[in-house]
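*Asks:*
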Amino acid sequence: MAPINIKFKSTGAYLPERVLTNQDLEKIVDTSDEWITTRTGIKTRRIAADEEATSDMAYEAAKIAIKRADMSPEEVELIIVGTISPDMFFPSTGCFVQDRLGAKNAVAMDINAACSGYIYSLVIASKFLVSGTYKNALIIGSEKLTSIVNWEDRATCVLFADGAGAGILVPSNGGSKILAFDLGSDGSYGKDLCVPAGGSRNPATKETVDKKMHSIVMNGNAIFKIAVNKMRETFNKSMAMAGVTADDITLLIPHQANLRIIESLRNFLKLPKEKVYVNIDRYGNTSAASIAIALNEVHEQGIIKRGDIIGLAAFGGGLTWASAILEF
Ligand code: ACO
Numbered sequence: 004m005a006p007i008n009i010k011f012k013s014t015g016a017y018l019p020e021r022v023l024t025n026q027d028l029e030k031i032v033d034t035s036d037e038w039i040t041t042r043t044g045i046k047t048r049r050i051a052a053d054e055e056a057t058s059d060m061a062y063e064a065a066k067i068a069i070k071r072a073d074m075s076p077e078e079v080e081l082i083i084v085g086t087i088s089p090d091m092f093f094p095s096t097g098c099f100v101q102d103r104l105g106a107k108n109a110v111a112m113d114i115n116a117a118c119s120g121y122i123y124s125l126v127i128a129s130k131f132l133v134s135g136t137y138k139n140a141l142i143i144g145s146e147k148l149t150s151i152v153n154w155e156d157r158a159t160c161v162l163f164a165d166g167a168g169a170g171i172l173v174p175s176n177g178g179s180k181i182l183a184f185d186l187g188s189d190g191s192y193g194k195d196l197c198v199p200a201g202g203s204r205n206p207a208t209k210e211t212v213d214k215k216m217h218s219i220v221m222n223g224n225a226i227f228k229i230a231v232n233k234m235r236e237t238f239n240k241s242m243a244m245a246g247v248t249a250d251d252i253t254l255l256i257p258h259q260a261n262l263r264i265i266e267s268l269r270n271f272l273k274l275p276k277e278k279v280y281v282n283i284d285r286y287g288n289t290s291a292a293s294i295a296i297a298l299n300e301v302h303e304q305g306i307i308k309r310g311d312i313i314g315l316a317a318f319g320g321g322l323t324w325a326s327a328i329l330e331f
C-alpha cells in the first residue's frame, strides 16, 4: 500500500462536565463497582447535559482543533462527523456543526460506522486530500450514547458514555503520513449490536417505545469474541502493509470498549503496558469519539511527537472494524 501523505495539523476534544461513577450506577441498576471494574475497566464516564446534543459536543471539539490549526471556520473545506447518535435522522450532524462553526465553505456529512467511525473518517478524508479535491478536512467523532442507552439494562448502561474529539487534516510533504490502513465490515452480525427501532424497519410506535427498542441492544458475549479476533486481524494487516512490526509502534491507541479487549490485543502484540493508551477507566465507551479523544489527549500532553509511529485499531457495530498505522 502506498503511504497517504497527510498529517494531523491539530486536534481537539470535549468531555461533558458531569461525571457518572460506578457507585452512581449501583443506585440505578443491580450492579457493583467491583463487577464493572473487573469486567470492563471502567470507573467513571462523562454524561452530556440534557440540552447538550451530539453536534454541540462536536462543535466544542472542532472549535479547539480549528483554533489550534490557526484557521478560520470559513477556511474549512470538508467536515466528516463519525457518529451513531446523531442529533436527528437528518439533517446530518455534520451540517449542524458546519452551521454552528460558520464553516460556510465546507461540505459536511456523517459516517455511521459506530466505534470505527473516526478511523473511517480519517481514511475517507485523507483520500479527498491526496486527490487534491480539498485542501483540508475537519474530522470529528462525537457521541451522546447516553441518549440511546436503556437505563434498565445493566449489561449496556454501564458501558456507554458521551464525548467528542476532532482533528484538522492537511496534505503533508511526506514527513507525516498514513503508512497503511485496513477497513472492514460484516453486516451479518448487525443485529448483535444495534438500535432496533426508529428507522424504516421498525418506525416508532407506542409499542417500540414501551419495549425500549429505541435503545442499544447488544449480544455482549458474541461481540466480545469477534472484537478480540478482529482487532488482532485488522491491526496485523495494517502492520504488514505498512512494513512495520509491533516493536516499531511508539504508541497503540485502541478503541476503548473494554479493558479486557484492549489487554487481549496488547498481549497478542506483546506490547508493554506503556505502549498502549488507556483512558476507558475515565471515559467509558464513547464509540466514534473514543480514538479521537485519546489522540487529542496524547497529542496535548506531549506523549506523542512528530515522527512517532502510532497504531489505531477499532471495532464496533455494523459490524465494522478499522486500523491504521500513522507516522505522526
Ligand atoms: N453488573 C453486574 N452483573 C452484570 C452486569 C452488570 N452491569 N452486566 C451483566 N451482568 C451479569 C450477567 O447478567 C451475567 O449473569 P449470569 O451469569 O447470572 O447470567 C454475568 O454478569 C456475566 O455476563 P456476561 O455477559 O457473560 O459478562 P461478560 O464478562 O461477557 O461481560 C460485557 C459483559 C462487559 C458486556 C462484555 O461482553 C463486553 O464488553 N462485550 C463487548 C462489548 C463491546 O465491546 N461493544 C463494542 C462495540 S460498541 C459500539 O459499537 C457502539
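Note that the working numbering gives residue 47 to position 44 of the sequence shown, counting from 1, and the numbers run on in steps of one. Just so it is clear, CB atoms sit at the ideal spot from N, CA and C, and this is done for glycine as well. Please read these numbers as outputs of a predicted model, since none were measured by experiment.
So, is N270 buried or exposed, given that buried needs 16 or more other C-beta atoms within 10 angstroms?
*Replies:* As a working mapping, residue 270 is identified with position 267 in the sequence shown. Exposed, by the Cβ-count rule.
*Asks:* Which of the three DSSP states, helix, strand or coil, is assigned to K196?
*Replies:* Here the question's residue 196 lines up with position 193 in the sequence shown. The question names Lys, but residue 196 in the sequence shown is Leu. In the structure shown, L196 sits in a strand (DSSP, three-state: E or B).
*Asks:* For the candidate residues S188, N139, E20, N261, whose alpha-carbon lies nearest to that of W324?
*Replies:* In the sequence shown, residue 324 corresponds to position 321, counting from 1. Nearest of S188, N139, E20, N261 to W324, Cα basis: S188.
*Asks:* Measure the CB-CB distance between G287 and F163 and report whether it falls below 8 Å.
*Replies:* In the sequence shown, the residue the question calls residue 287 occupies position 284. In the sequence shown, the residue the question calls residue 163 occupies position 160. In contact: G287 and F163 (Cβ atoms closer than 8 Å).
*Asks:* Assess, as a yes-or-no matter, whether the segment 71-90 is touched by the segment 124-140 under the definition of 3 or more beta carbon pairs within less than 8 Å.
*Replies:* yes
*Asks:* Give the range of the beta strand (DSSP E) segment to which I313 is assigned.
*Replies:* For the purposes of this step, residue 313 is taken as residue 310 along the sequence shown, with counting starting at 1. Element bounds for I313: 312-319.
*Asks:* Quick check: is any heavy atom of the ligand ACO less than 7 Å from the C-beta of S88?
*Replies:* Residue 88 sits at position 85 when you count from the first residue of the sequence shown. S88: no, Cβ never under 7 Å from the ligand ACO.
*Asks:* Just to confirm the assignment, what range does the alpha helix (DSSP H) spanning V110 have?
*Replies:* Along the sequence shown, one-based indexing puts residue 110 at 107. Note, V110: premise wrong, no alpha helix (DSSP H); beta strand (DSSP E) at 110-114.
*Asks:* In chain order, what residues of the same chain lie with their CB nearer than 6 Å to the CB of G213, ignoring the 5 residues before and after it?
*Replies:* Numbered from 1 along the sequence shown, position 210 holds the residue referred to as residue 213. The sequence shown places Asp at residue 213, not Gly. If we look at D213 and ignore the five residues flanking it on each side, it has no Cβ neighbours.
*Asks:* Would you mind stating whether A327 and G120 have Cβ atoms separated by less than 8 Å?
*Replies:* As a first step, residue 327 must be located in the sequence shown, where it is residue number 324. As a first step, residue 120 must be located in the sequence shown, where it is residue number 117. Contact: no.
*Asks:* For a minimum of 4 consecutive residues, which ranges assigned as the alpha helix (DSSP H) are wholly contained in the segment 195-247?
*Replies:* 209-213, 223-245
*Asks:* From what residue to what residue does the beta strand (DSSP E) around T86 run?
*Replies:* For the purposes of this step, residue 86 is identified with residue 83 of the sequence shown, where counting begins at 1. That residue, T86, is in no beta strand (DSSP E); it is neither H nor E in DSSP.
*Asks:* Below 8 Å, how does it come out for the segment 167-182 and the segment 199-209: are there three or more Cβ pairs, yes or no?
*Replies:* no
*Asks:* Distance check for I87 and A116, CA to CA, integer angstroms please.
*Replies:* Within the sequence shown, numbered from 1, the residue matching residue 116 stands at position 113. Within the sequence shown, numbered from 1, the residue matching residue 87 stands at position 84. About 7 Å.
*Asks:* Can you tell me whether R48 is buried or exposed? The criterion is at least 16 other CB atoms within 10 Å of its CB, across all chains shown.
*Replies:* Numbered from its first residue, the sequence shown carries residue 48 at position 45. Flag for R48 reads buried.
*Asks:* Are the beta-carbon atoms belonging to K66 and D284 less than 8 Å from one another?
*Replies:* For the purposes of this step, residue 66 is taken as residue 63 along the sequence shown, with counting starting at 1. For the purposes of this step, residue 284 is taken as residue 281 along the sequence shown, with counting starting at 1. Against a cut-off of 8 Å, the Cβ pair of D284 and K66 comes out as no contact.
*Asks:* Comparing the CB of G177 with every heavy atom of the ligand ACO, is any distance shorter than 7 Å?
*Replies:* The sequence position of residue 177 within the sequence shown is 174, counting from 1. Not under cutoff, so the answer is no.
*Asks:* What does a CB cutoff of less than 7 Å around C197 pick up in its chain, not counting 5 residues either side in sequence?
*Replies:* Along the sequence shown, one-based indexing puts residue 197 at 194. Only V220, G320 meet the Cβ criterion.
*Asks:* Kindly indicate which three-state DSSP category Y137 falls into: helix, strand or coil?
*Replies:* If you number the sequence shown from 1, residue 137 lands on position 134. Reduced to three states, the DSSP call for Y137 is coil.
*Asks:* Compute the minimum distance between the beta carbon of L196 and the heavy atoms of the ligand ACO, and state whether it is under 7 Å.
*Replies:* Locating residue 196 in the sequence shown gives position 193, where the first residue counts as 1. L196 Cβ: within cutoff of the ligand ACO.
*Asks:* Determine the burial state of I265: buried for a count of at least 16 other Cβ atoms within 10 Å of its Cβ, exposed for fewer.
*Replies:* Numbered from 1 along the sequence shown, position 262 holds the residue referred to as residue 265. Burial check for I265: the Cβ neighbour count within 10 Å reaches 16 or more, so the residue is buried.
*Asks:* Out of L298, A64, E155, point me to the one whose CA is closest to A316's CA.
*Replies:* The sequence position of residue 316 within the sequence shown is 313, counting from 1. The residue with the shortest Cα to Cα distance from A316 is L298.
*Asks:* Among all the DSSP beta bridges, which residues are the ones paired with A158?
*Replies:* As a position in the sequence shown, residue 158 is number 155, starting the count at 1. None, per the DSSP bridge assignment.
*Asks:* Can you tell me which of the three DSSP states P275 falls into?
*Replies:* Looking up residue 275 in the sequence shown gives position 272. P275: coil per DSSP, three-state reduction.
*Asks:* Nearest-angstrom Cα distance between P199 and P89?
*Replies:* Start at 1 with the first residue of the sequence shown, and residue 199 comes out as number 196. Start at 1 with the first residue of the sequence shown, and residue 89 comes out as number 86. P199 and P89 have their C-alpha atoms some 16 Å from each other.
*Asks:* Give a single yes or no on whether G320 has its beta carbon closer than 7 Å to a heavy atom of the ligand ACO.
*Replies:* Numbered from its first residue, the sequence shown carries residue 320 at position 317. Taking non-hydrogen atoms of the ligand ACO into account, the C-beta of G320 is found less than 7 Å away from one of them.
*Asks:* Classify Q26 as buried or exposed, calling it buried when 16 or more other Cβ atoms lie within 10 Å of its own Cβ.
*Replies:* Stepping through the sequence shown from its first residue, residue 26 is reached at position 23. Label assigned to Q26: exposed.
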